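Trainee: So that we are looking at the same thing, I have put the structure below in structure tokens.
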Amino acid sequence: MTYSRIVVSLGLVIALSACSHSASNEDNAHRPAASAPSVPDTAAPAPEPAPALAPVPADIRATAASVLMPPATSYEDAKAKLEAGVGGIFIPSWADPGLLEEEGRNINALRAELGRDFKVAIDFEGGRVQRFSEILGHYPSPQQMAAENPPEKVEELARDIGTRLMDHGINVDFAPVLDVDGDGLEVVGDRAFSTDPAQAGDYGAAFARGLDAAGVTAVFKHFPGHGRASGDTHLVKAITPPLEELGHHEFIPFFNAIPAAPNAALMMGHLAVPGLGDGQTPASILPEAYGLAREVFHYDGTIYTDDIGGMAAISDSLPLADAVIISLAAGADMPLWSTEADINTVIDSVVGAVDEGRLAPERLSDAAHHVHAGDSD
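The sequence shown: position 58 = 61 (this note's numbering), numbered continuously.
Encoded structure:
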């Protein structure tokens, strides 16, 4: 994606800020419904026709459970949540290491016991964000990877990471970071591949292809771009530069990497963007942000939220169940959280939101189709 094509697209992005994603629930968003604008080919390459969608659970409760990704801290915890019907589990840094390595009580054993597959996700970027590196291996930071290697070598490194993850039952990696280290923000720093947006996209795409070659789904993060935000969304509400400025910087890696690694998923960050929607609501619960990804970036895969339970940009204002419901209504496919909560209560809350009209059943079905599109029958 050339700079000139991104600039052409920005007019459409700004127009989109007045529109909700077509699948969002207008009552929850408190905004009038509007159709997403048509996007010319100059915005981004149109994707190949999507494969036939995998079947999703017909029962509303089963469908609601199947799009959730709670944390799992032990074998028993993971088993209970998966038996409740969740479509995936997230392994936080404080989980029992036995979940990865204890024979008969690890993820691979859990798949055998339950007799079905499911998503297992972890944060493994390299550098300071590589969970359970004593088990999964030690790798340089993305910044160091890019400084010392061409993209082809980074792709090889990522394939090695993916192989190790798969050996331990992990099939989703919340990496790579496509943020650009552009403003000295500590939460980004060496987690970014580069201070150059185009290079960040090229290396991010290479990393994603390497994971994909090993059978692991990469997840581009943190859309729409955290590198020049006002703060760390783990700790505070964070605001990016205005929408019209993002095309010069934050959007470039995503425009480049999405078509170059088409099997990667996307993570929606908790970033408020002046000029997008009301300019104050975090992207992870903002319909216009999901519309931006779908309509302008032509992204048609699974969109995860960033952690909606353990990050202050969301948790300071929304209880977990409300954050799950609002993010789904806005356009998220798989809400993710790291904090403990009764899984059946969360599932019941989502079902209740459908019954009450706060979450359209079509939006829930759309989320489930995206989540399960790549699953085997």
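Each residue gets a CB set at the ideal place from its N, CA and C atoms; glycine is no exception.
As the structure is a prediction and not an experimental result, all values here were calculated from the model.
1) Between Gly-278, Val-132, Leu-269 and Val-327, which has its C-alpha nearest Ile-305's C-alpha?
2) Which whole runs of the beta strand (DSSP E) in the region 63–108 are 3 residues long or more, in chain order?
3) Grouping DSSP H, G and I as helix and E and B as strand, with all else coil, what is Gln-283?
4) Among Glu-105, Ile-261 and Leu-339, which has the Cα closest to the Cα of Gly-172?
5) For Ala-39, is the classification buried or exposed, using 16 other Cβ atoms within 10 angstroms of its Cβ as the cut-off for buried?
6) Is Pro-245 buried or exposed, if buried means 16 or more other CB atoms sit within 10 Å of its CB?
7) Work out the CA separation of Glu-253 and Pro-227 for me, nearest whole Å.
8) With respect to the beta strand (DSSP E) encompassing His-251, which residues constitute its N-terminal and C-terminal limits?
9) Quick one: grab the DSSP three-state call for Val-191.
10) Run the CB neighbour count on Glu-158, radius 10 Å, all protein chains shown included, and call it buried at 16 or more, exposed below.
11) How is Leu-295 classed by DSSP in three states: helix, strand or coil?
12) Put Leu-117 into one of helix, strand or coil per three-state DSSP.
13) Could you check if Ser-330 is buried or exposed, using at least 16 other CB atoms within 10 Å of its CB as the buried criterion?
14) Under 8 Å by Cβ, that's how I've got Leu-103 and Asn-109 pegged, so tell me the actual separation to the nearest angstrom.
15) Quick check on Tyr-206: does DSSP put it in helix, strand or coil?
Mentor: Here's the rundown:
1) Looking at the sequence itself, residue 305 is Thr, so the reference to Ile does not match. The shortest C-alpha separation from Thr-305 is found at Leu-269.
2) 91–93
3) In this structure, DSSP gives Gln-283 a state outside helix and strand, which the three-state scheme calls coil.
4) When only C-alpha atoms are compared, the closest one is Glu-105.
5) For Ala-39, the predicted model reports a pLDDT of 31, less than 50, meaning its position is unreliable; a value from the coordinates is still stated below. Buried.
6) exposed
7) For Pro-227 and Glu-253, the distance between alpha carbons rounds to 7 Å.
8) Run containing His-251: none; DSSP gives neither H nor E here.
9) coil
10) buried
11) Leu-295 falls in the helix class under three-state DSSP.
12) helix
13) buried
14) 6 Å
15) Collapsing the DSSP output to three states places Tyr-206 in a helix.
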